[in-house]
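Residue numbers (my numbering), protein chains in the order written: chain A, 4 to 82; chain B, 426 to 585.
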């Protein structure tokens, strides 16, 4: 999947991948896509939950050997 | 912009593990767009205290208490298996190994996410502490009605 930006969260546990995503989103424009690289399996349910709560779009997740690539599209500003 | 939904956490405990839980939930809630307030009271005040001794308390008993109940975010004990510091030392070692933030870093992160940190005025009064005993990240020193005012508007209110 193509993304405008990549955020490296390898080796980080909860809550850092979500907190860093939220911070990165503040710097992005609406319509842009962020790719998040993570090793914490919590991201599988945490990122969809974050998207649901903030009104952003969860585009999908790729998993390979304990590494996750998550794609999120910015729909609106997180308050 | 619509007004943000509120979340509040009372941090009563000064145990390392419980304080971690409080900061993890607080920072995540802020990342999810909530307006988060943390109200530190009793043992929880140790999180916000400066590391150095404070002998400014007006009464002898308070001075003694301040001597034994030492503050500082890096000095919090585990609620279990503290073992005179050994258990806590190993836990911190593990946390570092897994790239977890220190509590002092969590405070900075909370600040960055605009989480409001309030210190309880009653506990401060009883223990004979002063504003100078606290780190500058403390936003406000206030009482129960300040907390409740925020909690009434919140839909997540926790006591840790």
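Think of the CB as a built atom: it goes at the ideal place given N, C-alpha and C, for glycine as much as any other residue.
For this session: Return the bridge partner residues of residue 497/B from the DSSP annotation.
Result: The residue you call residue 497/B lines up with position 72 of the second chain. Paired residues: none, contrary to the question.
Problem set entry | Ranges of the beta strand (DSSP E) found wholly within the segment 529 to 565 of chain B, counting only runs of at least 3 | 541 to 545
Problem set entry | Local Cβ density within 10 Å of residue 69/A, reported as buried at 16 or more and exposed below that | Stepping through the first chain from its first residue, residue 69/A is reached at position 66. With fewer than 16 other Cβ atoms within 10 Å, it is exposed.
Exercise. So is residue 39/A in contact with chain B if we call contact Cβ pairs under 8 Å?
Worked result: Position 36 of the first chain, counted from the start, is the residue given in the question as residue 39/A. Not one chain B Cβ lies under 8 Å of residue 39/A.
Exercise. At a Cβ cut of 9 Å, what residues of the segment 524 to 554 of chain B count as close to chain A, listed as they run along the chain?
Worked result: 524, 525, 526, 534, 537 and 538
For this session: Please confirm if residue 521/B has its CB atom under 8 Å from at least one CB of chain A.
Result: The sequence position of residue 521/B within the second chain is 96, counting from 1. No, no contact with chain A.
Exercise. At a CB-CB cut-off below 8 Å, which residues of chain A make contact with residue 453/B?
Worked result: Here the question's residue 453/B lines up with position 28 in the second chain. In chain order: 17, 18, 21 and 22.
For this session: Compute the Euclidean distance between the alpha carbons of residue 581/B and residue 457/B, then round it to the nearest angstrom.
Result: The sequence position of residue 581/B within the second chain is 156, counting from 1. The sequence position of residue 457/B within the second chain is 32, counting from 1. Each residue's alpha carbon lies about 12 Å from the other.
Problem set entry | Selection from 519/B, 561/B, 558/B and 435/B that minimises the alpha carbon distance to residue 568/B | Taking the first residue of the second chain as position 1, residue 568/B is located at position 143. Considering only alpha carbons, the answer is 435/B.
Exercise. Do residue 39/A and residue 59/A have their C-beta atoms within less than 8 Å of each other?
Worked result: Working through the first chain from its first residue, we reach residue 39/A at position 36. Working through the first chain from its first residue, we reach residue 59/A at position 56. No, the pair does not count as a contact, with Cβ atoms beyond the cut-off.
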